[in-house]
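K.L.:
Residue numbers (the working numbering), protein chains in the order written: chain A, 14 to 377; chain B, 1123 to 1273; chain C, 802 to 1174; chain D, 2 to 159. Just so it is clear, CB atoms sit at the ideal spot from N, CA and C, and this is done for glycine as well. Shown below is the structure under consideration.
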Amino acid sequence: MNLLLNISFSSLARWIDLSLTNLLNNYMLVKAIEMVIAGLSLLVFLVPLCFFLGYMERKVAAFMQIRLGPNRVGPKGSLQIVADTVKLLLKEGLTPNASDKFLFNLAPVIVVIACMLVMAPIAFAKDFQLWDLSIGVLYISSVSSIGVIGILMAGWSSYNKYSLLGAMRSGAQIVSYELSVGLSIISIVVLTGSMRMSDIVLSQENGWWIFKGHIPVLISFIIFIIASTAEINRAPFDLAEAEQELTAGFHTEYSGMKFAMFLLAEYINLFVVSAIAATLFLGGWMPFHIGHWEAFNHVMDFLPSSIWFLGKTFAIIFIIMQFRWTFPRLRVDQLLNLEWKYLLPISMVNVLLVTIMAIMGWHF
Amino acid sequence: MTSEEIKQSVTALFSDVIYDETGEFLNILINASELRPLMELLYSKTEFKFDYLFCLTCIDWKTHLTMVYHLLSKKHRHNIVVKAKIADTNKPEIETVCDIWKTADFHEREVYDLFGVKFLNHPDMRRILLDEDWVGYPLRKNYADENMIKL
Amino acid sequence: MSLLGEDIVTGKGEFVINIGPQHPSTHGVLHLKVWLDGETINKIQPHLGYIHRSIEKMSECLSYRNFIYVTSRMDYLSAHINNQACALAVEKGLQIEATPRGRVIRLLMAELTRLQSHLLWWGCTGLDLGAVTPFFYAFREREAIMDIMDETCGARLTMNYCVPGGVMYDVHPNFQKRVKDIIVQLRSRFDEYDQLLTGNVIFEQRTKGVGYLSPEDAVSYGCTGATARGSGVSCDIRKWFPYDGYENVQFNEILGKTGDCYDRYMVRMAEMKESVNIIEQLINNIPEGDFQAKTKMVLKLAKGEYYQRVETARGELGVYIVSDGAASPYRIKYRSPNFSNLSALEVMAKGAKIGDLVAIMSTIDLVIPDVDR
Amino acid sequence: MFLKEYFGTIYKSVKSLLSGMKLTGYYFTHPQEIQTEEYPDNRATLKMFDRFKGEVVMPHDENNEHRCTGCQACEIACPNGTIKVITKQEVQADGKKKKAIDVFVYHLELCTMCNMCVTSCPSDAIKMAQTFEHSVYDKKQLKKVLNKPGSKIMEGVE
């Protein structure tokens, strides 16, 4: 049993690191090789993840809409998304004649890169993190807003009016919602006193912030979920690609592989956002612990940390998906109203409350 | 207001009017030139108050065209049909009523499209259903198209 | 028409976009040319005729028995009511009346048609505003209604069930039971609809105060149906000029107050409940007897003009038949409700956002084949 | 007052949103409500309604006899020119000549299933079949001859 528990992602990572150092004895080279391995394993992780998220979204949508969903390709339709991907790969990637061809082709790449960069500081399991930098949270909030440049680029370079409108909407949207996301992250930073992801997770050893932090943290959790749903352009905030208004918004002109990259980015973003929410508010890979119930805590520890992490992440993903399949879309001015009139003032007051709470030590 | 009263008030102002009460509604037949004043009267006079133009169409009688306006007063709940005869079938023209009833805008464009009746002073006299470069007016009885399939 | 210059950006810096004919929210092939200032609509111009099939011309070539079926293709969502209008117009010309049983069956079918049309509209409204799920819930009930149609008329959409003098054949023996089931089912589902869409704050925000149509404009533009009733204009033909026994059933004409999208929406939602009430009153009281009056093999209308109007799911449909005594009509004019309702889009959408345009179009409930005919 | 209104709006909005999510959540957790019909799989059990109008057929009995007299009432009644009845003169057993159908051509591609031909038929020779899988690769295959080869009119049908 112990042996099984010991073979985890972290031990695997440590083993690779040790053997490489023994083999090569060159720090730079070891790091370089490790980076390549990390990048590759990230890709290997992300592609099936996106397949799964695509499948999950379709099934969630279908079950909420009293239908079966994909059920032809593979058992219970599980290979449908693979078939779709193959179709997208084989399709011709059109580039409109009048478009700015360089930017047009660059845009999907930027979108994907931006969302993959955010993966770096996420703690997937105990001691398993690509890059535990000291400003992890700051890094996340700054890098995640690079994606909008890709979207603006795509919309502008397409030479399509719908695309341009979509891109402009997306710009306004992400710039404003960034504030709420930042403020709700700050409330956790205030409580932990550290921006390092591992510290934030460790600070939740005896209880997740959402339980420890009373109502203010709960509020900032809700605000984080809403604002980040807006930031990743998902319904009900999918104005940039509002199908009924702008056909497909900023990616109207994209097809084939380039379109697939936007799709990939959307799902990676969904995962990343949920992962961050899980890390900040739900304790990341920390198992569910209750104060001094030693026996209960011990039982909870049996589940591997990666399962805890993924479980929490997918719970949040499910909620975001349910948003999409329940609510109508907001209008562009209402979207900004929601941010500037409701989310921002509330989260500002909330940060104040959290700060007072942290100074007074009122949290558990 | 009964149809008799309508007839009386109309006859007082317009001389060349024929009435026809055989159908469901009271029909007023008038010359195309006098249509516009009659329509203005029917719309504005409070006893009539025909504020709702529910049907506007044209009939091609081969020798002449007849514009048909079905009017209803929402307030008094009476119907009336105004018919205007256009004698010139080659270049039919009539005054527009689309500034009185805005619904006439689309309906007159439709009549122009399918019958070729030109409405004077209409703000946007273009074809509405057919292409801009369509030749002929399909609902005319003399319209012939070699692509038409006879069943 | 040139595609460059004024058609892209005007001198005033307005952005010209073409919404449709292939666009997810135009429900068919409506083409709107929209002048935009940022997201705000300055001017809007519908371009029609993409599926103009010359139904009026076709009707002139067909006999009085046959032209009825063509009208199913106009407003395909209220196909039965269109047929009913034509059958009534022909009956008016023949000076006969449908048998009591035929009339009640027609009326029941018309109300079922109205229900299924409104259900589809409800689903599509959700869809247009970005909520996909209502569409499927609406279709669940709509399918049940369509099954009733299918069982009795043999077709689901273009039923061609009305003939001059009554209906084509008697209702299926299961008809009454099925209709009673659907009444129960619908009553329980209306709450779900309210939970999902009507009460939703986003939906309210999207529709309240959007697409305002004043009562004067509604009358002037010839708007009918829920589009005009949302503005508080009484125009229900079932009340104004009852036909086929609407005078014998109890129902209310639903009127809105403000004339915005939300009112039009609420009028339709309330109309569905009224339709259910009408069906409930009639379903146990279908008179015995013939379902179809005896008519001659070849129908000939006396020389003259006949106008018949009915209330379809979208508004007032007028059938104007000019007969010269022959076996086929000399001239037929269909005064279709959507054609007039669409012309009011210009005033409704002026100053609105693109997102509002979608909401406005869905609450007018456009069916493009009816506009183009 | 302002704050009360402000938070009242938030409370109402959140409540309305949650009631929607409750409904979708209910259907998500109740798969027995699923309405999907898996069409080609349920072909064996799928039964159309008796009156379903799929296509026009001419029933023949076991002696290869039909009821069509060739009166062409259906051809006249059809609004689309779907039906073409080509008749011939047939010599009866008693030497008299009688009109009978040669070929009864039915263009399924033109048919709108309006049922007008069936109701107009004086001898109930044609009826609507419940088939609905009509798709073919060539439009010509939709032109059908309804009377079977060698068939003749049933005794006693005038």
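Once you ignore the five residues that flank Met274 of chain A on each side, which residues in its own chain have a CB closer than 6 Å to its CB?
P.N.:
For Met274 of chain A, where only same-chain residues beyond five positions count, the Cβ hits under 6 Å are Pro121 and Val125.
K.L.:
What is the rounded straight-line gap between the Cα of Val1077 of chain C and the Cα of Leu908 of chain C?
P.N.:
Using only the alpha carbons, I get a separation of about 12 Å.
K.L.:
For Lys85 of chain D, name the three-state secondary structure that DSSP assigns.
P.N.:
Note: Lys85 of chain D maps to strand in three-state DSSP.
K.L.:
As a quick exercise: from C:Leu1100, C:Tyr970, C:Phe991 and C:Tyr1135, pick the residue whose alpha carbon is nearest that of Arg782 of chain C.
P.N.:
Residue 782 of chain C lies beyond the residue range present for chain C, which begins at 802 and ends at 1174; the question has no answer from this structure.
K.L.:
Quick check on DSSP: helix, strand or coil for Met1070 of chain C?
P.N.:
In the structure shown, Met1070 of chain C sits in a helix (DSSP, three-state: H, G or I).
K.L.:
Grab me the residues of Asn843 of chain C's own chain with a C-beta within less than 6 Å of its C-beta, minus the 5 sequence neighbours each way, in chain order.
P.N.:
Glu815 and Trp836.
K.L.:
Thinking C-alpha only, which one of C:Tyr1107, C:Lys1097 and C:Tyr1013 is nearest Lys1151 of chain C?
P.N.:
Residue C:Tyr1013 is the option with its Cα nearest to Lys1151 of chain C.
K.L.:
Which whole-angstrom value is the C-beta distance of Ala167 of chain A and Phe263 of chain A, which I expect to be below 8 Å?
P.N.:
Sure, about 5 Å apart at Cβ, within 8 Å.
K.L.:
With 8 Å set as the bound, which would you pick, yes or no: does the beta-carbon of Lys54 of chain D sit closer than that to a beta-carbon of chain C?
P.N.:
With 8 Å as the cut-off, Lys54 of chain D counts as an interface residue toward chain C.
K.L.:
Would you verify that the beta carbon of Arg1039 of chain C is, or is not, closer than 8 Å to some beta carbon of chain B?
P.N.:
Judged by the 8 Å Cβ criterion, Arg1039 of chain C is not in contact with chain B.
K.L.:
Secondary structure at Ala790 of chain C, three-state DSSP: helix, strand or coil?
P.N.:
Because chain C in this structure spans residues 802 to 1174, residue 790 of chain C falls outside the shown range and cannot be described.
K.L.:
May I have a chain-ordered list of the beta strand (DSSP E) segments no shorter than 3 residues that lie completely inside the stretch 1039-1120 of chain C?
P.N.:
Listed in chain order, they are 1105-1112.
K.L.:
Report the rounded CA-to-CA distance for Trp221 of chain A versus Gly1000 of chain C, giving the unit in angstroms.
P.N.:
Approximately 34 Å between the Cα atoms of the pair.
K.L.:
Secondary structure at Gly1238 of chain B, three-state DSSP: helix, strand or coil?
P.N.:
Three-state DSSP puts Gly1238 of chain B in coil, outside helix and strand.
K.L.:
Should Met181 of chain A be labelled buried (16 or more other beta-carbon atoms within 10 Å of its own) or exposed?
P.N.:
So Met181 of chain A counts as buried.
K.L.:
Taking Lys44 of chain A as part of the alpha helix (DSSP H), name the residues at either end of that continuous run.
P.N.:
Taken as a continuous stretch (DSSP letters only), the alpha helix (DSSP H) holding Lys44 of chain A covers Tyr40 to Met77.
K.L.:
Ordered along the chain, which non-local residues of its own chain (more than five positions away) have a Cβ less than 7 Å from that of Thr1211 of chain B?
P.N.:
Contacts found: His1186 and Leu1187.
K.L.:
Using the C-alpha atoms, what's the distance from Glu39 of chain D back to Leu47 of chain D?
P.N.:
Whole-angstrom Cα-Cα distance: 10 Å.
K.L.:
Quick one, which residues of the stretch 14-48 of chain D are near chain A if we go by CB-CB under 8 Å, in chain order?
P.N.:
Result list: Leu18, Gly21, Met22, Leu24, Thr25, Gly26, Tyr28, Phe29, Pro32, Glu34, Ile35, Gln36, Thr37 and Glu39.
K.L.:
In whole angstroms, what separates the C-alpha of Tyr962 of chain C from that of Val972 of chain C?
P.N.:
Going by the C-alpha atoms only, they are around 10 Å apart.
K.L.:
Which residues, in chain order, does the stretch 338-349 of chain A contribute to contact with chain C at a C-beta distance below 8 Å?
P.N.:
Against chain C - using a Cβ distance shorter than 8 Å - the residues of the stretch 338-349 of chain A are Trp338, Thr339, Phe340, Pro341, Arg342, Leu343, Arg344, Val345, Asp346 and Gln347.
K.L.:
Is it buried or exposed for Asn110 of chain A, if we count other Cβ within 10 angstroms and need 16 for buried?
P.N.:
Classification of Asn110 of chain A: exposed, given that the 10 Å Cβ count is below 16.
K.L.:
Checking the sheet assignment: what are the DSSP bridge partners for Val124 of chain A?
P.N.:
Answer is none; Val124 of chain A lacks a bridge partner.
K.L.:
Taking Asn1153 of chain B as part of the beta strand (DSSP E), name the residues at either end of that continuous run.
P.N.:
First-last of the beta strand (DSSP E) with Asn1153 of chain B: Asn1149 to Asn1153.
K.L.:
What's the gap between the Cα of Gln885 of chain C and the Cα of Met2 of chain D?
P.N.:
Cα to Cα, the separation comes out at about 57 Å.
K.L.:
Please report the distance separating the alpha-carbon of Cys79 of chain D from that of Asn867 of chain C.
P.N.:
Cα to Cα, the separation comes out at about 8 Å.
K.L.:
For the candidate residues C:Thr872, C:Cys954 and C:Gly927, whose alpha-carbon lies nearest to that of Ser1163 of chain C?
P.N.:
Ranking the options by Cα distance to Ser1163 of chain C, first place goes to C:Gly927.
K.L.:
As a quick exercise: from A:Gln257, A:Ser112, A:Ser91 and A:Lys72, pick the residue whose alpha carbon is nearest that of Ser171 of chain A.
P.N.:
Nearest of A:Gln257, A:Ser112, A:Ser91 and A:Lys72 to Ser171 of chain A, Cα basis: A:Ser112.
K.L.:
Candidates A:Leu277, A:Leu365, A:Leu356 and A:Phe137: which alpha carbon is nearest Ala380 of chain A's?
P.N.:
Absent from the structure is residue 380 of chain A, since the part of chain A shown begins at 14 and ends at 377.
K.L.:
At a CB distance below 9 Å, what residues from the stretch 65-78 of chain A approach chain F? Give them in sequence order.
P.N.:
Judged by its chain identifiers, the structure shown contains no chain F, and its protein chains are A, B, C and D.
K.L.:
Quick check on the burial criterion: 16 or more other C-beta atoms within 10 angstroms. Buried or exposed for Ile228 of chain A?
P.N.:
By the 10 Å Cβ count, Ile228 of chain A comes out exposed.
K.L.:
Considering only the beta carbon of each residue, do Tyr870 of chain C and Cys75 of chain D sit closer than 8 Å?
P.N.:
In this structure, Cys75 of chain D does not lie closer than 8 Å to Tyr870 of chain C by Cβ.
K.L.:
In or out: His135 of chain D buried (at least 16 other Cβ within 10 Å) or exposed?
P.N.:
His135 of chain D is exposed by the Cβ-count criterion.
K.L.:
Determine whether the Cβ of Glu1146 of chain B lies closer than 8 Å to any Cβ atom of chain C.
P.N.:
Taking Cβ atoms only, chain C reaches closer than 8 Å to Glu1146 of chain B, which makes this a yes.
K.L.:
Could you work out which residue in C:Phe937, C:Ser826 and C:Gly903 is closest to Gln36 of chain D when comparing CA atoms only?
P.N.:
Ranking C:Phe937, C:Ser826 and C:Gly903 by Cα distance to Gln36 of chain D puts C:Phe937 first.
K.L.:
Is there at least one Cβ from chain B nearer than 8 Å to Lys858 of chain C's Cβ?
P.N.:
By this cut-off, Lys858 of chain C is an interface position.
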